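The sequence shown begins at 1 in the UniProt record's numbering and counts up one residue at a time.
From the three backbone atoms N, C-alpha and C, an ideal C-beta is built for every residue, glycine too.
Owing to the predicted nature of the structure, the values given are computational and were not obtained by experimental measurement.
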Amino acid sequence: MGGAVSSLRDLDTVTKRLVHLSENDPNKEIFVFYTSGLREAYTARQLYTLAGRFAFRLRQRGFQKGDVIANTLNDSPERAVTDIGIMLAGCVTMNIQLLLADGSDFRFMAQNSKCRAVIMSPWKQGAAWKLMNQFYSGKSDQGFVDIHVENIPDLTSAILVGRTENGENKHFLNDLKIGREDIYVEPAKPDDLLIIISTSGSTGYSKLVPRSHEDTLKSEELAHHVLCPGVQWNSPREKCLKYYNDKSMGWGIGIPFAPICHADTRVLTDIFDAAVKRTGKDLWEASTKENAQCCPMLCLEMDSVREYIDSVGGSDFKFKMLIAGGQPLRKSQMENFLTLTEKLIVTYGSTEAGHLTAKSITKGDTIQSNDNGKVLPGVELRIVAEDGRQCRPGETGTIEVKGPDVFKGYYNRQTSPDPQTVKAFTSDGWFKMEDYGYIDEDGNVFVFGRTKDIIIYGADLLYPGWMEKKLMEHSDVLEAVVVPVSDPLLYQNICACVKIKRDSELNEDQLRKYCDQIFLPNLVTEETPKPQYFIITKGDFPETSTGKPNKKRLREMAESMFGYDKKVISSEAEPESET
């Protein structure tokens, strides 16, 4: 994989590894995108050239080392080129998920990060355009537009990235391909910040997780230890990993720098056009054509793939391995995964903590629900009881971790120390995972779910508090409590328990439409984290002894009405606080 080097220590940043590949293995395919069955590959030299020219444009317009640039593009060649170009310019790419129609989530992240620019599609039906075009204060120059947003003084530019020639806007990639700019590469150090990843926050606004070059390389090293044990940078080309991964390039598991770290090839579906939706057919056909060895897959995706395979009468193709995680897995779900792969790797981790555990399962192995295997090299994991003592093997408690992949704190350029960081760690430096589980006698880690009122909605974590606040902004709503209900694919779905005024005629259809309005219009899809079920009442909610809504009882009610399990499993139910 690439030309031989004396030591990986010589290539201690992602920038150095890309430069090395472009010079020593220029035709190495780093990305393969599929659109409607058509294949488009990007080699190391192509990425280096296109991203380097974009980096030159950034520096030419005054962006400096360490400047944060938010990227809202969907997974696509353009997203890869812009993220890598930001790196080559010495700047920091930050993923931003535009979700709320009032723009409050974007404003919060932009203020905390002091980002200087936002990259977006000029598509007028897109979320970014709807939110940002009102702030334009100038004309486009090679896609760069001056903007002014009140209370976000550092944000001065929008960078429009499109695929059509439209007046002032050019086809972004074609313009770079014919460009005459120099290729700019800012020297990087291992501790330089590379990317800021957004993750769920208790207010509904994302928390920002910073990752340096060194952090990213360590994380990918741990991943390769699981997927490709013994394979080194200068191993023969035939040992190179080719994998399908359509997880968002803004997620920790989907960042575009990963295939560069070990000279791998990543295959995915191009969804630059927001109207394009990935399907199980897309995943399976692209993986089959490329003979992809592995794929990270969610339960929802697994179900879609199995439906497609059944619809075409079966398939001879199997992955060498699938990686499953993001939610507790039942035994039956693991068995279903094994119909698509020779080996299943069940993992446990988070954006903040990175890769923590892994378990390899093949057909015929003993399978237990919620088993996530043993901790990875260098990781420390402990289970803590309510009284603060360390739990015995088999005793359930909360999970705390230390390790090479655990972050040091949330990114916040407004407040120091960051209050979320202070709450996230114990006084002796352990990161609180906010999950509960146990370790058995053999050292296997079992994870059952979240310790707080957090809903595990597929790959997303949803804090109900902000949604409850939005629901209560409706003039007819007196009180709102959002609770989870079990779901066979998402793990948990969302139920809104709503108390309305005595004289109100508010019904479920009206509430559903109101919930749609909370989100940017083009984002209201089956994946949008909004209530699927409603309990509407004019009476009082069940209460605790202190007069607060009894969430445990409301959750039981919702589960009995809508839950996949039709009951609340006692090990998942949380005791209701009386304070």
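Who are E508's beta bridge partners in DSSP?
-> In the sequence shown, the residue the question calls residue 508 occupies position 508. None, per the DSSP bridge assignment.
Give the straight-line distance between the Cα atoms of M120 and N493, rounded to the nearest whole angstrom.
-> On the sequence shown, residue 120 is found 120 positions in, with the first residue counted as 1. On the sequence shown, residue 493 is found 493 positions in, with the first residue counted as 1. Their backbone Cα atoms lie some 30 Å apart in a straight line.
If we call anything under 9 Å between Cβ atoms a contact, is T357 one with N372?
-> Position 357 of the sequence shown, counted from the start, is the residue given in the question as residue 357. Position 372 of the sequence shown, counted from the start, is the residue given in the question as residue 372. For T357 and N372, yes; Cβs fall inside 9 Å.
E572 versus T451: straight-line alpha-carbon distance, rounded | Within the sequence shown, residue 572 is the residue found at index 572, counting from 1. Within the sequence shown, residue 451 is the residue found at index 451, counting from 1. Reliability fails at E572, whose pLDDT of 38 lies under 50, so the model's placement of it is uncertain and the value that follows must be treated cautiously. Those two C-alpha atoms are separated by around 9 Å.
According to the neighbour-count rule (16 or more other Cβ atoms, all chains shown, within 10 Å of its Cβ), is S422 buried or exposed?
-> Taking the sequence shown and counting its residues from 1, the one referred to as residue 422 is at position 422. The residue asked about is misnamed: residue 422 is Val in this sequence, not Ser. Exposed, since its Cβ has fewer than 16 Cβ neighbours within 10 Å.
How long is the line joining the alpha carbons of V524 and I196, rounded to whole angstroms?
-> Numbered from its first residue, the sequence shown carries residue 524 at position 524. Numbered from its first residue, the sequence shown carries residue 196 at position 196. Residue confidence is low: V524 scores 46 on pLDDT, short of 50, so the model does not pin down where it sits. Its coordinate-derived value is still stated next. Their Cα atoms are separated by approximately 25 Å.
Between the C-alpha atoms of M467 and K552, what's the straight-line distance to the nearest angstrom?
-> The residue you call residue 467 lines up with position 467 of the sequence shown. The residue you call residue 552 lines up with position 552 of the sequence shown. Taking the straight line from one Cα to the other gives about 18 Å.
Could you check what DSSP says for I455 in three-state terms: helix, strand or coil?
-> Taking the first residue of the sequence shown as 1, we reach residue 455 at position 455. I455 sits in a strand when the DSSP states are folded into three classes.
How is the alpha helix (DSSP H) around K499 delimited, first residue to last?
-> On the sequence shown, residue 499 is found 499 positions in, with the first residue counted as 1. Premise fails: K499 lies in the beta strand (DSSP E), 491-500, not in any alpha helix (DSSP H).
When DSSP labels each residue in this structure, what does Q134 get in the three-state scheme?
-> As a position in the sequence shown, residue 134 is number 134, starting the count at 1. Looking at Q134 - three-state DSSP - the assignment turns out to be helix.
Sub-9 Å separation of F448 and E400 beta-carbons | Here residue 448 refers to the residue found at position 448 when the sequence shown is read from its first residue. Here residue 400 refers to the residue found at position 400 when the sequence shown is read from its first residue. It is not a contact, given that the beta carbons lie outside the stated cut-off.
Under 9 Å between the Cβ atoms of I383 and T398?
-> By one-based count along the sequence shown, residue 383 stands at place 383. By one-based count along the sequence shown, residue 398 stands at place 398. Yes. Within cutoff.
Taking L58 as the reference, which of D102, F33, L160, S36 has the closest Cα?
-> For the purposes of this step, residue 58 is identified with residue 58 of the sequence shown, where counting begins at 1. Ranking D102, F33, L160, S36 by Cα distance to L58 puts L160 first.
Start-to-end residues for the alpha helix (DSSP H) that takes in K207 = The residue given as residue 207 occupies position 207 in the sequence shown. Taken as a continuous stretch (DSSP letters only), K207 belongs to no alpha helix (DSSP H), being part of the beta strand (DSSP E) at 207-212.
Report back the beta-carbon spacing between M557 and I535 to the nearest angstrom; my notes put them in contact at under 8 Å.
-> What you label residue 557 is simply residue 557 of the sequence shown in a count that begins at 1. What you label residue 535 is simply residue 535 of the sequence shown in a count that begins at 1. Indeed they touch by this definition, with Cβ atoms about 7 Å apart.
Going straight from the alpha carbon of R502 to that of L511, what length do you get?
-> Numbered from its first residue, the sequence shown carries residue 502 at position 502. Numbered from its first residue, the sequence shown carries residue 511 at position 511. Cα-Cα distance, rounded: 16 Å.
What do you get for L99, buried or exposed, if any count of 16 or more other CB atoms within 10 angstroms of its CB means buried?
-> Along the sequence shown, one-based indexing puts residue 99 at 99. L99 comes out buried.
Should K352 be labelled buried (16 or more other beta-carbon atoms within 10 Å of its own) or exposed?
-> What you label residue 352 is simply residue 352 of the sequence shown in a count that begins at 1. Just to set this straight, residue 352 is Glu in the shown sequence, not Lys. Looking at its Cβ environment, which holds 16 or more other Cβ atoms inside 10 Å, E352 is buried.
Whole-angstrom C-beta distance between C299 and Q333, which should lie under 8 Å | Numbered from 1 along the sequence shown, position 333 holds the residue referred to as residue 333. Numbered from 1 along the sequence shown, position 299 holds the residue referred to as residue 299. Rounded, the Cβ-Cβ distance is 6 Å, consistent with contact.
Taking Y184 as part of the beta strand (DSSP E), name the residues at either end of that continuous run.
-> What you label residue 184 is simply residue 184 of the sequence shown in a count that begins at 1. Here Y184 belongs to no beta strand (DSSP E), and DSSP marks it neither H nor E.
Indicate the three-state DSSP secondary structure (helix, strand or coil) for D516 in the structure shown.
-> In the sequence shown, counting from the first residue as 1, residue 516 sits at position 516. Here D516 sits in helix by DSSP.
9 Å Cβ cutoff met for S22 and L47 = Your numbering for residue 22 matches position 22 in the sequence shown. Your numbering for residue 47 matches position 47 in the sequence shown. It is a contact, given that the beta carbons lie within the stated cut-off.
Enclosing beta strand (DSSP E) for A324 [first to last residue] = Position 324 of the sequence shown, counted from the start, is the residue given in the question as residue 324. Looking at the DSSP string, the run of the beta strand (DSSP E) that includes A324 is 321-324.
Would you mind stating whether A158 and Y184 have Cβ atoms separated by less than 9 Å?
-> Within the sequence shown, numbered from 1, the residue matching residue 158 stands at position 158. Within the sequence shown, numbered from 1, the residue matching residue 184 stands at position 184. Against a cut-off of 9 Å, the Cβ pair of Y184 and A158 comes out as no contact.
Alpha carbon of F496 to alpha carbon of C515, nearest angstrom = Residue numbering aside, residue 496 sits at position 496 when the sequence shown is read from its first letter. Residue numbering aside, residue 515 sits at position 515 when the sequence shown is read from its first letter. For the record, residue 496 in the displayed sequence is Ala; it is not Phe. Those two C-alpha atoms are separated by around 10 Å.
Assigned exposure category for G547 - 16 Cβ within 10 Å defines buried | Within the sequence shown, numbered from 1, the residue matching residue 547 stands at position 547. Under this definition G547 is an exposed residue.
Anticipated Cβ contact below 8 Å, S206 with S219, distance rounded = Numbered from its first residue, the sequence shown carries residue 206 at position 206. Numbered from its first residue, the sequence shown carries residue 219 at position 219. Not quite, the Cβ-Cβ distance comes to about 19 Å (not below 8 Å), so this is no contact.
Just mark S304 as buried or exposed, buried being the case when its beta carbon has 16 or more other beta carbons within 10 Å.
-> What you label residue 304 is simply residue 304 of the sequence shown in a count that begins at 1. Buried.
Starting from the C-beta of F31, find all residues in its chain whose C-beta is less than 6 Å away, skip the five residues before and the five after it, and write them out in chain order.
-> For the purposes of this step, residue 31 is identified with residue 31 of the sequence shown, where counting begins at 1. Here the set comprises Y42, A80, R266.
Can you list, in chain order, the residues of its chain whose CB lies under 7 Å from that of R116, leaving out five sequence neighbours each side?
-> The residue given as residue 116 occupies position 116 in the sequence shown. Correct list, in chain order: F63, D67, V68, I69, D154, L155, T156, S157.
Does DSSP put S311 in a helix, a strand or coil?
-> The residue you call residue 311 lines up with position 311 of the sequence shown. Three-state result, S311: helix.
Using a C-beta cutoff of 9 Å, does F172 count as contacting chain B?
-> Going by chain labels, chain B is absent from the structure shown, which holds only one protein chain.
Terminal residues of the alpha helix (DSSP H) in which residue 582 lies = Residue 582 lies beyond the residue range present for the chain, which begins at 1 and ends at 579; the question has no answer from this structure.
Mark Q327 as exposed unless 16 or more other C-beta atoms lie within 10 angstroms of its C-beta, in which case mark it buried.
-> Within the sequence shown, numbered from 1, the residue matching residue 327 stands at position 327. Buried: at least 16 other Cβ atoms inside 10 Å.
Backbone CA spacing between G2 and P26 [nearest angstrom] = Position 2 of the sequence shown, counting from 1, holds the residue named residue 2. Position 26 of the sequence shown, counting from 1, holds the residue named residue 26. Unreliable placement is indicated for G2, whose pLDDT of 40 sits below 50; the coordinate value is still reported in the next sentence. Using only the alpha carbons, I get a separation of about 9 Å.
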